[in-house]
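For what it's worth, numbering that gives the first Met the number 0 labels the leading residue of the sequence shown as 0, then goes sequentially. No residue lacks a Cβ here, since even glycine has one placed at the ideal position from N, Cα and C.
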Amino acid sequence: MSELLLSVIVPVYNAAATLEKCAASVLDQAPEAAELILVDDGSADDSPALCDRLAAQDGRVRVIHQKNGGASAARNAGLAAAKGRYVQFVDADDWVNPGLYDAALPPLEEGADVCFFGVDTLLGEVNETLPAGRMESLSDLAGNFAYYLVDTGLYAALYNKIFRRTALDGVRFDEALKVNEDLLFCLAALEHCGPAYFIPAAYYVCDNRAEGSLSRRLRTDLLDAEEYTRPAVEAFLARFGASEEETRQVLLKRQGGVAAAQCAMLLGRRGALPFGECRRLFARLLAPAHCRDAVAAWVAGCYTGPARLVYGACVRLRLAGALALVRSLRAGS
0 MSELLLSVIV PVYNAAATLE KCAASVLDQA PEAAELILVD DGSADDSPAL CDRLAAQDGR
60 VRVIHQKNGG ASAARNAGLA AAKGRYVQFV DADDWVNPGL YDAALPPLEE GADVCFFGVD
120 TLLGEVNETL PAGRMESLSD LAGNFAYYLV DTGLYAALYN KIFRRTALDG VRFDEALKVN
180 EDLLFCLAAL EHCGPAYFIP AAYYVCDNRA EGSLSRRLRT DLLDAEEYTR PAVEAFLARF
240 GASEEETRQV LLKRQGGVAA AQCAMLLGRR GALPFGECRR LFARLLAPAH CRDAVAAWVA
300 GCYTGPARLV YGACVRLRLA GALALVRSLR AGS
């Protein structure tokens, strides 16, 4: 059999309600020389049977059943099995818009190592602008790394890219991480890439409405994840020609953005969290001045009236205990 052109890897965990739409969005437009790898990660619903049924209906579908190990383990299993010249990752509750492969595969066939494309989400508004066309290296975007790495997360996101498989040699997901594993994978993969092609059109739709999605559930490990992944970000910036000042600005902006995101989760998401742990987390995220500035800017943009005044004062004065108390009263924990 001739070499497969494309491998699309979908980690599947209790996704019976959405998998069929996801798979159809790929299969309806993928070339015959493609494979859709469904990795059933120990699902407890009807997903295993659905995966097998989809494989019986279309010879391009391959199924891997494994014990539950998390999304990273599922993606690693799919990547180990992939035979396509190019590799894409799609989440089981998302889908791809028509025309993606017609637009993305030709520039890859012409020598690009990675193809970026736009993303839509169902919750919230995506305000991002991709360049258009081919660049011989991501170094061509030096001077704008804060936008692509921090403001939009276009470098960090997994679902807005198709990679040449050889660029992924030796690159795997860190199965010990529960957040930022996509970032580490993408940065490592992009360091292996030469020419890149950019398509501004939104060809991927991210359904982030579910309660289980990262944007909808309480996490308390964002600061730890930022600290853990900081060396990889620094190495990436150095690899692609960022100046020392740009690197410093990117790292400060990223730290501030993560502090604001952690504060938003603490104040906006329900979930049991001991008061002492909550207070320590607020104190930590408010300690650096640039993080306080970022959190204050988030408060000013998110709240109005008395809430803006109260939260703003707590942030400026570093009143971690007061914020933890508010969180406890609002969350009912």
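- Of 135, 131 and 258, the smallest CA-CA separation from residue 191 is found for 135.
- Here residue 270 carries a coil assignment [DSSP, helix/strand/coil].
- Here residue 28 carries a coil assignment [DSSP, helix/strand/coil].
- One thing to note: residue 193 has its Cβ within 7 Å of the Cβ of residue 112.
- Counting along the chain, the unbroken alpha helix (DSSP H) around residue 227 starts and ends at 221 to 238.
- For the segment 19 to 90, the continuous alpha helix (DSSP H) assignments of 4+ residues that do not extend past its boundaries occur at 46 to 56 and 70 to 80, in sequence order.
- Apart from the 5 residues on each side of it in sequence, residue 24 sits with its Cβ closer than 7 Å to the Cβ of 94 and 95 in its chain, given in chain order.
- Looking at the DSSP output, residue 205 shares a beta bridge with 120.
- In terms of CA proximity to residue 156, 180 leads the group 180, 302 and 45.
- Excluding sequence positions up to five before and after residue 259, its CB lies within less than 6 Å of the CB of 293, 294 and 297, all in the same chain and listed in chain order.
- When secondary structure is reduced to three states using DSSP, residue 218 falls in the coil class, being assigned neither helix nor strand.
- Taking a contact as a CB-CB distance under 8 Å, the pair residue 250 and residue 232 counts as one, their CB atoms being some 7 Å apart.
- In the DSSP assignment, the residues bridged to residue 114 are 161 and 196.
- Straight through space, the alpha carbons of residue 239 and residue 197 are spaced by roughly 17 Å.
- The segment 48 to 57 and the segment 68 to 76 do not touch, with fewer than three beta-carbon pairs separated by less than 8 Å.
- Note on residue 65: under 16 other CB atoms within 10 angstroms of its CB, so exposed under the neighbour-count rule.
- Nearest to residue 163 by alpha-carbon distance, out of 280, 189, 149 and 312, is 189.
- It is roughly 28 Å from the alpha-carbon of residue 84 to the alpha-carbon of residue 46.
- In terms of CA proximity to residue 132, 103 leads the group 103, 152 and 40.
- In the DSSP assignment, residue 294 falls outside any beta strand (DSSP E) and within the unbroken alpha helix (DSSP H) covering 288 to 301.
- Rounded to the nearest angstrom, the gap between the Cα atoms of residue 289 and residue 236 is 20 Å.
- When 302, 87 and 176 are compared, the shortest CA-CA separation from residue 22 is found for 87.
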